[in-house]
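I have placed the structure first, in the form of structure tokens, so that the comments after it can refer back to it.
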Amino acid sequence: MSSSKIALHWASPVLFIPLLLLQGTTFANFLHHFYDTVYLNSAGKKIRQAPGGTTMVTFIIKTIATNDSLYGTHPEEIANVQRGSCHPISAIEAARVEYLIMQKEYDSALQTGNLVKLRPLGERKMDGKVMLEDDGEGKDRPANNIEYATIVYKNGTRTQTASEPADPSKGGIHVAPPDLDSAITYTHSHPSGTRPAGIRTWSFYPQAPSKDDINLIVPGTTRVVFGRGSDLVYIYDGCGVIAALKTKDYLRL
Ligand SMILES: [Zn+2]
Numbered sequence: 000m001s002s003s004k005i006a007l008h009w010a011s012p013v014l015f016i017p018l019l020l021l022q023g024t025t026f027a028n029f030l031h032h033f034y035d036t037v038y039l040n041s042a043g044k045k046i047r048q049a050p051g052g053t054t055m056v057t058f059i060i061k062t063i064a065t066n067d068s069l070y071g072t073h074p075e076e077i078a079n080v081q082r083g084s085c086h087p088i089s090a091i092e093a094a095r096v097e098y099l100i101m102q103k104e105y106d107s108a109l110q111t112g113n114l115v116k117l118r119p120l121g122e123r124k125m126d127g128k129v130m131l132e133d134d135g136e137g138k139d140r141p142a143n144n145i146e147y148a149t150i151v152y153k154n155g156t157r158t159q160t161a162s163e164p165a166d167p168s169k170g171g172i173h174v175a176p177p178d179l180d181s182a183i184t185y186t187h188s189h190p191s192g193t194r195p196a197g198i199r200t201w202s203f204y205p206q207a208p209s210k211d212d213i214n215l216i217v218p219g220t221t222r223v224v225f226g227r228g229s230d231l232v233y234i235y236d237g238c239g240v241i242a243a244l245k246t247k248d249y250l251r252l
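Numbered according to numbering that gives the first Met the number 0, the sequence shown terminates at residue 252, and the numbering increases by one at each position without gaps.
Structure representation (structure tokens):
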């Protein structure tokens with residue numbers, strides 16, 4: 000009978016030892032072993048997933064993108080008053096951090112100052128649900144012509160808001176969340192909406208953080224913009240964009 004076989008196994012001392020060990024530790028310590036630190040390269044691709052730590056943490060190597068690659072090279076883009084700026088590291092610096100991570104020299108990698116810690120994955124996924132109301136397909140679909148915003152406050156509360164639908168041929172768009180000064184972090188989207196204009200197309204510019212976005216940041220904090228038209232997520236501080244990656248990579252690890 001299979002039931003008697005199971006009883007015999009439970010009586011086995013080999014199986015009792017791990018059970019007793021489990022009882023002697025806390026559940027949190029037990030869970031500990033399931034948390035990892037994830038390292039992404041500057042393009043947002045995973046280069047290492049190292050076990051350990053008490054919470055899941057994800058780091059990305061700072062961007063090597065240039066102002067021109069994030070904000071465009073067309074004369075109108077260069078002249079646009081809302082053109083922001085990028086604060087990149089060199090490709091050599093990025094390669095050095097990546098090498099340290101591959102060598103498991105995690106402390107040395109952190110000490111370069113060229114790793115950016117992402118917000119917890121659960122929070123990023125909640126943000127993604129809001130930002131992806133804009134499906135990235137542009138045109139005049141109302142949901143693709145709205146700026147969405149989420150805010151996490153110092154007391155742990157969270158709120159979200161959105162602008163009215165706007166028309167990219169008629170100028171800028173703005174969302175104004177409440178109490179931004181007491182926010183831990185603030186995430187908003189730049190819409191994918193487009194309108195035809197003869198052989199050209201109107202779109203919302205920039206897709207990366209605007210000059211106002213960068214100027215209005217609380218010093219010492221980082222914020223996030225989802226460029227729904229560019230399908231990139233940008234992390235920026237008061238100096239400009241410090242990391243950028245594909246939307247799906249931002250929401251994955
Ligand atoms: Zn913005």
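Positions of the beta carbon are idealized from the N, C-alpha and C atoms, including for glycine.
Fair warning: this is a prediction, and the values are worked out from it, not measured in the lab.
TODO: Report yes if the C-beta distance between Q81 and S181 is below 8 angstroms; otherwise report no.
DONE: As a first step, residue 81 must be located in the sequence shown, where it is residue number 82. As a first step, residue 181 must be located in the sequence shown, where it is residue number 182. Not closer than 8 angstroms, so no.
TODO: Would you identify the three-state DSSP class for D106, choosing helix, strand or coil?
DONE: Stepping through the sequence shown from its first residue, residue 106 is reached at position 107. D106 falls in the helix class under three-state DSSP.
TODO: May I ask you to verify whether the region 226-233 touches the region 97-110, counting CB pairs closer than 8 angstroms and requiring at least 3?
DONE: no
Task: Residue burial classification, I172 (beta-carbon count within 10 angstroms, cutoff 16) - done: Residue numbering aside, residue 172 sits at position 173 when the sequence shown is read from its first letter. It is buried - the Cβ of I172 has at least 16 other Cβ atoms within 10 Å.
Open item on the list: Please tell me whether S191 and N143 are closer than 8 angstroms, where the distance is taken between their beta carbons.
Closed with: Within the sequence shown, numbered from 1, the residue matching residue 191 stands at position 192. Within the sequence shown, numbered from 1, the residue matching residue 143 stands at position 144. Taking 8 angstroms as the Cβ cut-off, S191 and N143 qualify as a contacting pair.
Task: Rounded C-alpha distance that separates Y98 from I46 - done: Translated into the one-based positions of the sequence shown, residue 98 becomes position 99. Translated into the one-based positions of the sequence shown, residue 46 becomes position 47. Distance between the alpha carbons of Y98 and I46 is about 10 angstroms.
Open item on the list: Which residue wins for smallest C-alpha separation from D212, given the options E163, E146 and S168?
Closed with: Start at 1 with the first residue of the sequence shown, and residue 212 comes out as number 213. When only C-alpha atoms are compared, the closest one is E146.
- [ ] Tell me whether P208 counts as near ligand 1, meaning its Cβ is closer than 7 angstroms to at least one heavy atom of that ligand.
- [x] The residue given as residue 208 occupies position 209 in the sequence shown. Within the cutoff, so yes.
- [ ] Return yes when at least one heavy atom of ligand 1 lies under 7 angstroms from the C-beta of D212, else no.
- [x] On the sequence shown, position 213 is the one that residue 212 refers to. Yes, Cβ of D212 sits closer than 7 angstroms to a heavy atom of ligand 1.
- [ ] Using three-state DSSP, classify G23 as helix, strand or coil.
- [x] Looking up residue 23 in the sequence shown gives position 24. Because G23 sits at a pLDDT of 48, beneath the cut-off of 50, its placement in the model cannot be relied upon, and the point is left open.
TODO: Determine the contact status of P218 and G239, defining contact as a CB-CB distance below 8 angstroms.
DONE: What you label residue 218 is simply residue 219 of the sequence shown in a count that begins at 1. What you label residue 239 is simply residue 240 of the sequence shown in a count that begins at 1. Cβ distance not < 8 angstroms, so P218 and G239 don't count as in contact.
Open item on the list: Using the Cβ count rule (16 or more neighbours within 10 Å means buried), how would you classify K138?
Closed with: As a working note, residue 138 is residue 139 in the sequence shown. Exposed, by the Cβ-count rule.
- [ ] At 4 residues or longer, and completely inside the region 178-251: list those alpha helix (DSSP H) runs for me, N to C.
- [x] 210-214 and 246-249
Open item on the list: Using the Cβ count rule (16 or more neighbours within 10 Å means buried), how would you classify A64?
Closed with: Taking the sequence shown and counting its residues from 1, one reaches residue 64 at position 65. Result: buried.
- [ ] Answer with buried or exposed for T186, where buried requires no fewer than 16 other C-beta atoms within 10 angstroms of its C-beta.
- [x] By 1-based counting over the sequence shown, the position of residue 186 is 187. Classification of T186: buried, given that the 10 Å Cβ count is 16 or more.
Open item on the list: Can you tell me whether Q48 is buried or exposed? The criterion is at least 16 other CB atoms within 10 Å of its CB, across all chains shown.
Closed with: The count along the sequence shown starts at 1 and reaches residue 48 at position 49. With fewer than 16 Cβ atoms within 10 Å of its Cβ, Q48 is classed as exposed.
Open item on the list: Quick check: L117 and T57, are their CB atoms within less than 8 angstroms of each other?
Closed with: Start at 1 with the first residue of the sequence shown, and residue 117 comes out as number 118. Start at 1 with the first residue of the sequence shown, and residue 57 comes out as number 58. Yes, these two residues count as a Cβ contact at 8 angstroms.
Task: Per DSSP, cross-strand counterpart(s) of V37 - done: The residue given as residue 37 occupies position 38 in the sequence shown. According to DSSP, which records beta bridges pairwise, V37 is partnered with Q48 and T57.
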